[in-house]
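Visitor: Residue numbers (our numbering): 110 to 168. Even for Gly, the Cβ is constructed at its ideal location relative to N, Cα and C. Keep in mind it's a predicted model, so treat the numbers as computed, not measured. Just dropping this structure here.
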Ligand SMILES: [Zn+2]
């Protein structure tokens, strides 16, 4: 299981994004950020994606 703590991504949010794979957790994280935090597709820049990818934890 891969997880990302939304708070570590810079949001004031206790949500933990989960996925079976790195790709899945990134996809779920993108959906969460857009739905809950009002981010747009164009806000998910390569830099942002890179930063978020570095926050992924494996368990
Ligand atoms: Zn969040």
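(1) Could you tell me if the beta carbon of residue 145 falls within a distance shorter than 7 Å of some heavy atom in ligand 1?
(2) Among residues of its own chain, excluding the 5 on either side of residue 168, which ones have a beta-carbon nearer than 7 Å to its beta-carbon?
(3) Taking 8 Å as the cut-off, decide whether the C-beta atoms of residue 165 and residue 145 are in contact.
(4) Can you tell me whether DSSP reads residue 138 as helix, strand or coil?
(5) Could you check whether residue 139 and residue 153 sit closer than 8 Å to each other, using their CB atoms as the reference points?
Guide: Per the coordinate set shown:
(1) yes
(2) Correct list, in chain order: 110, 112.
(3) no
(4) If DSSP states are grouped into helix, strand and coil, residue 138 belongs with the helices.
(5) yes
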